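J.:
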Amino acid sequence: MIEQALREQLRPIVDRRRSLDMAWRLSVYWLLAGIAGILLFAAGRLGGWTSPLAIPALCVAVALMTIWALFRSRRMQPDYHAVARDIEQQHPDIKALLLAAIEQKPQGPDGRLGYLQMQVIREAVVHATGHDWLQSISAKRLALANLARMAAFSLLLFALVLMWPDFHRSSSSTTAGTPRRGYSVTVTPGDAEVERGTPVVILARFEGRIPPSATLRFGPSGKDQQQMPLTRSLDDPVFGGIIPEVGSDVVYHVEYAGKRTRDYTISVYQSPELVRADARITYPAYTKLPQKVVEDTRQISVVEGSEVVLTFTLNKAVTTARLAPKSGIAVGLSVDSEHPNVLTTSMTATQSQQYELQMADAQGRSNKMPPRFVIDVHKNLPPELKPVFPNNDVAVSPLEELTLEAEVSDDFGLTGYGVTYTLAGAESRDMALGSGETAGEKPQIRYLLAIEDLKAQPDQLLTYYFWADDVGPDGKPRRVASDIYFAEVRPFEEVFRESQSFQDRQNQQQQENQGGDQQNQSGDQLARVQKQIITATWNVKQQANRSPGGIDSQKGDMEVIRESQAGVLEQARTALTQAEDPASAQALQSAARHMETSLDHLTKASESASTAELTPALGAEQSAYQELLKLRQREHQVAQGRNASRANNANSAQFQQQLQQLELKQQENRYETQRLAQNQQQNSRREDLQALNRLRDLARRQNEMSNRLREAEAALRQARDEQQKQEILRELKRLRDEQLEAMRDVDELQQRMESPQNRQRMADARQRLDDSRSQIRESAEALEQGMVSRAQTSATRAQRQLEQMRDEMQRRTSSQFTEEMRNMRDQAQQLDERQNQIADEMGQQLDAKQKTLSGSDVNRELADRIDQQKESMQKLLEEMKNVSEQSEASEPLLSRKLYDTLRETSTENVDKALQATGELLRRSFLPQAQEIERRAGQGIEELRKGVEEAAESVLGDETESLRLARQQLDELIRQANEEAARAGGRARRQTDDPNGQTASASDQQRQADAQQARAGEGQQDRPSTDQSQEGRQSQGTQQAQQGGSPRSPRDGQQRPGDRGQRAQDGRQNPEGRGQRTEDGGQRAQDGTTRDPQSGQWDNGGGTGPLTSEEYRQWSDRLRDVEEMLPEPRLRDEVARVRDRARDMRAEFTRHGKEPQWDLVQTQIIDPLTELRQRVSEKLAQLQSEDTLAPIDRDPVPDRFSERVRTYFENLGQGDR
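Numbering (our numbering), first residue to last: 31 to 1246.
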């Protein structure tokens, strides 16, 4: 018995031996047959012997020999010993290992191999993996055998060609005088077996007489049959037709010239197919979430540690089924005892995974496109702590009351939170300030720490940190702590004396530095480094507690901290020998003693790999730092100056901190908080816009679905024959598939809403979206049962719910006056455009040389249009007035701009000018009307500019939106083009067309950029200037941090393991290492940057937006472009392209059929390229009034686009 793994390694060699044997056999047989044929030919030519049975007999003999050779080759049992000998000859190093592995047989009672036997087989498999066993039968031998076979077959064909003339003459003489009579018909496919739902082509081929027509009759056995006329193929004696869909066993025959063929049977079989998949989710107890059942789904989102039970309902019972992950071990499925077509499995979700359901029935048929499932696991993240006040190290007086504030939140609720403070040398005190907070709440930690109650003395050190408790993924309590903060108790009095002039003070400092009087500076330096050691030790302790590897994962950091502590200890001893003041000497001696204690504990922690030694090490480090605080000066001399030596940087930073603390307010750095809030708002806004776009798309599709169901129901009632009814039923099936696809899109949107950054904000929307999903599912089930009216009702309900969610989301994502200003801007632009058209027509009328009777009719028409202009303008002014009044409090800039535009319009009397123009046109005073209309047109143009300027304050810069949309379109077009090129699709149009109609996106980009270089150069430079200014501010902040400011360590903290700066700065970010980040942190790799539905397997390799993992990202970017575009018609064009791409993607995912690349070019790439051109033209018009933009580049109507394209192509192919 050979183990399966070894058999898999030997199978290619066995197959090659079998192919070699079959090739030689066929060579011999065909060679003998060829020689026999040549002998028969020679007998006919030399002896005159011929027979009409010679060639048939030879062909039959050849066929029998070939079948026998194939049969022997198939039935030939593999000789593994011979294979092993060949391999051992090729690889002598294997010795007798392979023979020993092949001869192993089970010896145990359970039929399994022993350990040593398995080891022998494993070593053989390892050798096969590292060596090419296939070369034991060289490719040269196989090629030689195949060459011999082809030569023998060529000889056989040559013999048959030689024999054919004699055979033809003999058969002609035998059949002469017996012409054919009647009809002879051959029907294909005859009796056949096809898969359910596939079309079948019926062909009737006649020989001899050909009837004038033929009819196909088909239907289920014992029921009424349908009739279908067969169509003749040109002059060929073939009549053909197609049965669109075979849903059950069909009996058919062909009728012709009053006759008919026998009955043929088309049997139907079903491949294994998934009907629906349900998921039952049992969340961990710490989440306090109820059990959830998701019906008919392909992707689910669960919490880490959830129990998931998947139930698969199939169309038939199967013999084998497994849930294969993309990576890892396949999950087994169990069959329901009562329902053989129902499979179940359960698992504990620990990480996100993607699965394929692979099935096979008793006949060995497998599912053609295995359905895919995504289980997206959300990690149980630790609590998030965000210190609010003071959020830095402070100096306090012994009588001060220090207010401590922080924000804390957790994804599944807190069990407790509070603050812990410690006086150096004393025990820590934990102050629990809350417990039992539910998920989504963000309680505030507030505690008033009375320094006087602690009886703190000057130069003592008080440390504190915030903490929060929750339940970890393992069900055990988990505590997360913030960074450690310092509150140094300062003396009541510190003397600042103004020294002599700055130049004298600088000279004095230089003399002191040259003289070596550096005691105070040395003490400050020791204190600063010791403070960083405390912070680094604290960070290492917190990281070791959170890391699975414990302190072993922090070995490098521990070594750096220990070396830094040893270095500070050495500096302290050096300073002790130079100390002149007894108090300073005593402080340095005590600090050195505490440093020695800390160094001993750090050494033990590194050796024992235990964090228990870090606690006393921290206490000793804090005591040492407290002793070093006693070296600070109580009296200072200061002077005003522009530059200071580096030696005074530390003191200057400390003085500046004290001055800042006098003006301290209970809030952190506003600018940094504002920048962080802006980033969070931008991320949240993008997520909201993505959700809004999907809701809008789902609502539109359900609206279309409701209308199509209504039409299908009416058509079904009016269907007159069975053929029409079947066509409508096929349409209903397509609609059901679209509803199932809509359910997948709803699942994708739900998964997006359940991500950490969206879970709290979209909790209500997620629940309502689940209700809409239920309505869509009911609609699909009703369509499956044939209840069209019920399906329409459910689709309408889903549409209404989605529209309500869309409207609410739109109100939340947009400013209060966003939609109003967008509508007013569109109205003003349309008003100005119509006025320009009227002015042009008036000019044409005035330039006409002869007046006709129809001239008065034209004037009256223009007058009516002028009246409509007046009404539209009055309506627009009324809306502007209302918005100006409503926005006075919340949007004062918008209100002021609208008010100024209203005032200017009213002073120019545009309405009166329009009224006068209309009256003059009715009286045919065209020159006077044109003069007044010119003033009205100028007023409407100023009105448009004023509305556009006001809209920018709310909608943003339209130019920047268009520029960003164009960049996104360039990237989208590039990705689609690259995928089409890789797939070998239709060649794209040439980019050197002189008319520019078929230019590539990159060429259009260069042309548009050249047009915009003059007008947009200044605008493009401004963002870079702002960035450079921001970079200088950031650089200055970092320099201030390195200068020793106590306020800044947490702004640029690094972990102690980052060598090179460990000894200078050991702090972390205030959010805490390992804690949850603002944008999702760890969750980003679980759900937000992956394509959980459509991007799991590449189905053949390659990358591209339609056939690989990039589809979701490509579609999201297309949605972003849709939101950026200001004009509705442009947004509608993007939506149409996205719908086409979604249909192609669904077809690819459902059937594994690659898109038709010529359709991709015409329906996706070309419309995107044309849209990109429109955006460039719009951008060129908006960038500058001085920029020249073509005025005759209006978009070509759809019905003429193909003709225009053909015209330019023919024009470009002319003679040059």
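Glycine residues also receive a C-beta, built at the ideal position from the N, C-alpha and C atoms. Only a predicted model underlies this, so the values are computations on that prediction, with no experimental measurement involved.
Tell me the DSSP bridge mates of A307?
T.: Counting from 1 along the sequence shown, the entry for residue 307 is found at position 277. A307 pairs with F342.
J.: Let's see if you can read the secondary structure: which residues bound the alpha helix (DSSP H) around Y299?
T.: Looking up residue 299 in the sequence shown gives position 269. Taken as a continuous stretch (DSSP letters only), Y299 belongs to no alpha helix (DSSP H), being part of the beta strand (DSSP E) at 294–299.
J.: Compare the C-alpha of F95 against each of F71, T633, L62, L83 and name the closest.
T.: Here residue 95 corresponds to residue number 65 of the sequence shown, with the count starting at 1. Just to set this straight, residue 95 is Met in the shown sequence, not Phe. The option with the nearest alpha carbon to M95 is L62.
J.: Quick check on the burial criterion: 16 or more other C-beta atoms within 10 angstroms. Buried or exposed for A169?
T.: By one-based count along the sequence shown, residue 169 stands at place 139. The residue is exposed, with fewer than 16 neighbouring Cβ atoms inside 10 Å.
J.: I want to know whether the region 569–576 touches the region 637–645 - three or more CB-CB distances under 8 angstroms.
T.: The region 569–576, when compared against the region 637–645, does touch it at the 8 angstroms Cβ threshold.
J.: Quick one: what's T378 bridged to in DSSP?
T.: Counting from 1 along the sequence shown, the entry for residue 378 is found at position 348. BP columns for T378 point to E337.
J.: Secondary structure at T245, three-state DSSP: helix, strand or coil?
T.: Position 215 of the sequence shown, counted from the first residue, corresponds to residue 245. T245: strand per DSSP, three-state reduction.
J.: Where DSSP assigns a beta bridge to A511, which residues make up the other side?
T.: What you label residue 511 is simply residue 481 of the sequence shown in a count that begins at 1. DSSP output for A511 lists W497 as bridge partner(s).
J.: Under 7 angstroms Cβ to Cβ from D897, same chain only, skipping five residues before and after it: list those, please.
T.: Reading the sequence shown from its first residue, position 867 is the one you call residue 897. Same-chain partners within the cutoff: G948.
J.: Between the Cα of E435 and those of V418, G443, V215, spot the shortest distance and give me the residue it belongs to.
T.: Start at 1 with the first residue of the sequence shown, and residue 435 comes out as number 405. Of V418, G443, V215, the residue nearest in Cα terms is V418.
J.: Distance check for P267 and G207, CA to CA, integer angstroms please.
T.: Locating residue 207 in the sequence shown gives position 177, counting from the first residue. Locating residue 267 in the sequence shown gives position 237, counting from the first residue. With a pLDDT of only 38 at G207, under the threshold of 50, the placement of this residue in the model should not be trusted, and no figure is reported.
J.: List in chain order: all unbroken alpha helix (DSSP H) runs of 4+ residues lying wholly within the region 911–975.
T.: Counting only runs of 4 or more, we get 922–938, 940–952.
J.: Can the beta-carbon of V215 be found closer than 9 angstroms to that of V280?
T.: For the purposes of this step, residue 215 is identified with residue 185 of the sequence shown, where counting begins at 1. For the purposes of this step, residue 280 is identified with residue 250 of the sequence shown, where counting begins at 1. Contact: no.
J.: For the alpha helix (DSSP H) that A287 lies in, which residues bound it at each end?
T.: The count along the sequence shown starts at 1 and reaches residue 287 at position 257. A287 -> no alpha helix (DSSP H), and no H or E assigned at all.
J.: Have a look at A93, A91, G67, N176 and flag the residue whose alpha-carbon is nearest the alpha-carbon of V48.
T.: Within the sequence shown, the letter at position 18 stands for residue 48. Residue identity check: residue 48 is Arg in the sequence provided, not Val. Nearest of A93, A91, G67, N176 to R48, Cα basis: N176.
J.: Does DSSP put K322 in a helix, a strand or coil?
T.: Looking up residue 322 in the sequence shown gives position 292. Looking at K322 - three-state DSSP - the assignment turns out to be strand.
J.: Express the C-alpha separation of L739 and R239 in angstroms, rounding to a whole number.
T.: Residue 239 sits at position 209 when you count from the first residue of the sequence shown. Residue 739 sits at position 709 when you count from the first residue of the sequence shown. Spanning the two alpha carbons is a distance of roughly 50 angstroms.
J.: Just verifying my parser: in three-state terms, what is the DSSP assignment at D440?
T.: Indexing the sequence shown from 1 puts residue 440 at position 410. Note: D440 maps to coil in three-state DSSP.
J.: Quick one: is T349 buried, meaning 16 or more other Cβ sit within 10 Å of its Cβ, or exposed?
T.: Indexing the sequence shown from 1 puts residue 349 at position 319. Label assigned to T349: exposed.
J.: If you draw a straight line from the alpha carbon of Q708 to that of L719, how long is it in whole angstroms?
T.: Within the sequence shown, numbered from 1, the residue matching residue 708 stands at position 678. Within the sequence shown, numbered from 1, the residue matching residue 719 stands at position 689. Reliability of the predicted coordinates at Q708 is poor, the pLDDT of 45 falling under 50, and the value obtained from them is presented with this limitation in mind. Near 16 angstroms, if we compare the C-alpha coordinates of L719 and Q708.
J.: Across the region 752–760 and the region 769–776, are there enough close Cβ pairs to call them in contact, namely three or more that are closer than 8 angstroms?
T.: Contact fails: fewer than three Cβ-Cβ distances are below 8 angstroms.
J.: Which class does I232 belong to by DSSP, given the choice of helix, strand or coil?
T.: On the sequence shown, position 202 is the one that residue 232 refers to. In this structure, I232 counts as strand in the three-state DSSP scheme.
J.: By how many angstroms is the C-alpha of R235 removed from the C-alpha of L813?
T.: If you number the sequence shown from 1, residue 813 lands on position 783. If you number the sequence shown from 1, residue 235 lands on position 205. Roughly 41 angstroms separates the two Cα atoms.
J.: Between S263 and the rest of its own chain, which residues show a CB-CB distance below 7 angstroms, the 5 nearest in sequence each way excluded?
T.: Against the sequence shown, residue 263 aligns to sequence position 233. Counting only Cβ-Cβ distances below 7 angstroms, and skipping sequence neighbours, we find G270.
J.: Where does S49 fall in DSSP's three states?
T.: Indexing the sequence shown from 1 puts residue 49 at position 19. In the structure shown, S49 sits in a helix (DSSP, three-state: H, G or I).
J.: For L659, I'd like the list of residues in its chain whose CB is within less than 7 angstroms of its CB, leaving aside the five on either flank, ordered along the chain.
T.: Residue mapping note: residue 659 aligns to position 629 of the sequence shown, counting from 1. Within the same chain, L659 has close Cβ partners D489, L491, E518, A557.
J.: Hey, how far is the Cα of Q815 from the Cα of Y1237?
T.: Position 785 of the sequence shown, counted from the first residue, corresponds to residue 815. Position 1207 of the sequence shown, counted from the first residue, corresponds to residue 1237. Going by the C-alpha atoms only, they are around 52 angstroms apart.
J.: From L944, R1202, L56, pick the residue whose C-alpha is nearest to that of Q998; which is it?
T.: By 1-based counting over the sequence shown, the position of residue 998 is 968. The candidate whose alpha carbon is nearest that of Q998 is R1202.
J.: Beta carbon of Q787, beta carbon of E717: below 9 angstroms?
T.: Along the sequence shown, read from residue 1 onward, the residue named residue 787 stands at position 757. Along the sequence shown, read from residue 1 onward, the residue named residue 717 stands at position 687. Result yes, Cβ atoms of Q787 and E717 sit closer than 9 angstroms.
J.: Let's test the definition: count the other Cβ atoms within 10 Å of the Cβ of A613 and tell me whether it reaches 16, buried, or not, exposed.
T.: Residue 613 sits at position 583 when you count from the first residue of the sequence shown. Exposed is the call here.
J.: What are the boundary residues of the beta strand (DSSP E) that L1155 is part of?
T.: Counting from 1 along the sequence shown, the entry for residue 1155 is found at position 1125. Segment: none, L1155 is in no beta strand (DSSP E) and carries neither H nor E.
J.: Tell me where the beta strand (DSSP E) around I273 begins and ends.
T.: In the sequence shown, counting from the first residue as 1, residue 273 sits at position 243. Looking at the DSSP string, the run of the beta strand (DSSP E) that includes I273 is 268–273.
J.: With the cut-off set at 9 angstroms, would you say Q181 and S57 are in Cβ contact?
T.: For the purposes of this step, residue 181 is identified with residue 151 of the sequence shown, where counting begins at 1. For the purposes of this step, residue 57 is identified with residue 27 of the sequence shown, where counting begins at 1. As written in the sequence, residue 181 is Ala, which differs from the Gln given in the question. Yes; because the gap between Cβ atoms is below 9 angstroms, this pair is in contact.
J.: Under a three-way DSSP split, which group does Q393 fall into?
T.: Against the sequence shown, residue 393 aligns to sequence position 363. It is coil, neither helix nor strand.
J.: By Cβ distance below 7 angstroms, which residues in the same chain neighbour S819 in space, the five residues on each side in sequence not counted?
T.: As a working note, residue 819 is residue 789 in the sequence shown. Cβ neighbours of S819 beyond the five flanking positions: E743.
J.: What does a CB cutoff of less than 6 angstroms around F183 pick up in its chain, not counting 5 residues either side in sequence?
T.: Taking the first residue of the sequence shown as 1, we reach residue 183 at position 153. Around F183: W60.
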